[in-house]
Amino acid sequence: MPWYGHVKRTYSDAPGVDAFAIADKIKVPVLGLYGEADTGIPVADVKAFEQTLRSKGNTSVEFVLYPGAPHAFFSDDRPQAYRKDAAEDAWKRCVAFFDKHLKA
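Under the numbering used here, the first residue of the sequence shown is numbered -14, with each subsequent residue one higher.
1) Whole angstroms are fine: how far does the CA of Ser40 sit from the CA of Lys90?
2) Return helix, strand or coil for Ala(-1), following the three-state DSSP convention.
3) Between Glu47 and Lys77, what straight-line distance do the alpha-carbon atoms span, to the nearest angstrom?
4) Look at Gly53 and Ala75 and say whether their C-beta atoms are less than 9 Å apart.
5) Using the Cα positions of Phe83 and Leu16, report the straight-line distance between them to the nearest angstrom.
6) Using 10 angstroms around the beta-carbon of Ile7, count the other beta-carbons present and answer buried if the total reaches 16, otherwise exposed.
7) In terms of residue numbering, what span does the alpha helix (DSSP H) encompassing Glu73 cover?
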């Protein structure tokens, strides 16, 4: 479950590998929670990644873009970024997602 996680960023321990490169291997349910005003993660990338997952056969995919919400909108210790309505909705979705997919 990405909470405003980068989908195109690569890391030194896996050069050249981003979320798009491994999309065909992601067969588990995915819930993505993103701020539409996040300047570091383009909305187009988020939408493209959701579509890529679906095109690779993952039918349990839900990405939410919160209007006006910046990066770290859930972080209530960062008043410049925190967005109460988005954070509360995201938390409810997160708990429901875990309840649905992680029940033993």
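Using N, Cα and C, we set each Cβ at its ideal position, and we do this for glycine too.
Once the coordinates are examined:
1) Since the first and last residues shown for the chain are -14 and 89, residue 90 lies out of range.
2) Residue mapping note: residue -1 aligns to position 14 of the sequence shown, counting from 1. Of the three classes helix, strand and coil, the one that applies to Ala(-1) here is strand, per DSSP.
3) Taking the sequence shown and counting its residues from 1, the one referred to as residue 47 is at position 62. Taking the sequence shown and counting its residues from 1, the one referred to as residue 77 is at position 92. Using only the alpha carbons, I get a separation of about 14 Å.
4) Sequence index remark: in the sequence shown, residue 53 carries index 68 (1-based). Sequence index remark: in the sequence shown, residue 75 carries index 90 (1-based). No. Outside cutoff.
5) For the purposes of this step, residue 83 is identified with residue 98 of the sequence shown, where counting begins at 1. For the purposes of this step, residue 16 is identified with residue 31 of the sequence shown, where counting begins at 1. Distance between the alpha carbons of Phe83 and Leu16 is about 10 Å.
6) Along the sequence shown, one-based indexing puts residue 7 at 22. Exposed, by the Cβ-count rule.
7) Here the question's residue 73 lines up with position 88 in the sequence shown. From DSSP, the alpha helix (DSSP H) with Glu73 extends over Lys69 to His86.
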